[in-house]
Each structure stands twice: as C-alpha cells, then as structure tokens.
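Asks: Numbering (the working numbering), first residue to last: 317 to 390.
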Amino acid sequence: MAAECEERVGMRGRVRWYLGDRGYGLIESEHGSLLFVHGSQVQGEPLKEGEEVLFELAQGPWGEQASAVRRAES
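1. Looking at the strands, I want to know which residues DSSP matches up with E380.
2. Could you give the DSSP three-state label for G355: helix, strand or coil?
3. Going by the beta-carbon positions, is the gap between L363 and R328 smaller than 8 angstroms?
4. Considering L342, what are the terminal residues of the beta strand (DSSP E) in which it resides?
5. Can you list, in chain order, the residues of its chain whose CB lies under 6 angstroms from that of R386, leaving out five sequence neighbours each side?
6. Just verifying my parser: in three-state terms, what is the DSSP assignment at E368?
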C-alpha cells in the first residue's frame, strides 16, 4: 500500500515539449528518462520547451510521471 503513494522529491529535468492548449507534455529527467506531465501538476504559468524544472516523481495510471512541477531558479 505504501509503495503506491511513494514519491521522490527534488528531481531535476528539462521540458522536452509541452502543449499548453492541450495541457500536457514531456519532461526529460536529469537521468535521461522521459516523463509525462499533466497541466494540473504545473505550478504557475504553462511550461515552455527547454525550460529547466524541478519536480517530484509520482506513480500515475500508466507509470511514473512528473508531479508538483515548478521552474528551477536560475
């Protein structure tokens, strides 16, 4: 039961692409894996391609995905 709710915090990555009008996209993690991100998990303005972001890793209906996504401070 606990494994279903497990999240890892402090992950870093870059927005591969994001469709603001559709509300989803992909983030490439610092380890090279591609993660789905839904617009409901984005804090602030919609994401832009190439932006560096911080996020948590969560288990979604189709596998791991990004959650609590926020822009990395420069």
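For each residue, glycine too, the CB sits at the ideal point set by N, CA and C. Remember, predicted model here, so these are calculated numbers, not experimental data.
Replies: Working from what's here:
1. In the sequence shown, the residue the question calls residue 380 occupies position 64. The partner list for E380 (beta bridge, DSSP) reads Q375.
2. Numbered from 1 along the sequence shown, position 39 holds the residue referred to as residue 355. In the structure shown, G355 sits in a helix (DSSP, three-state: H, G or I).
3. Residue 363 sits at position 47 when you count from the first residue of the sequence shown. Residue 328 sits at position 12 when you count from the first residue of the sequence shown. It is not a contact, given that the beta carbons lie outside the stated cut-off.
4. Sequence index remark: in the sequence shown, residue 342 carries index 26 (1-based). Residue range Y340 to S345 is occupied by the beta strand (DSSP E) that includes L342.
5. Against the sequence shown, residue 386 aligns to sequence position 70. So the qualifying residues of the chain are Q359 and L370.
6. By one-based count along the sequence shown, residue 368 stands at place 52. Note: E368 maps to strand in three-state DSSP.
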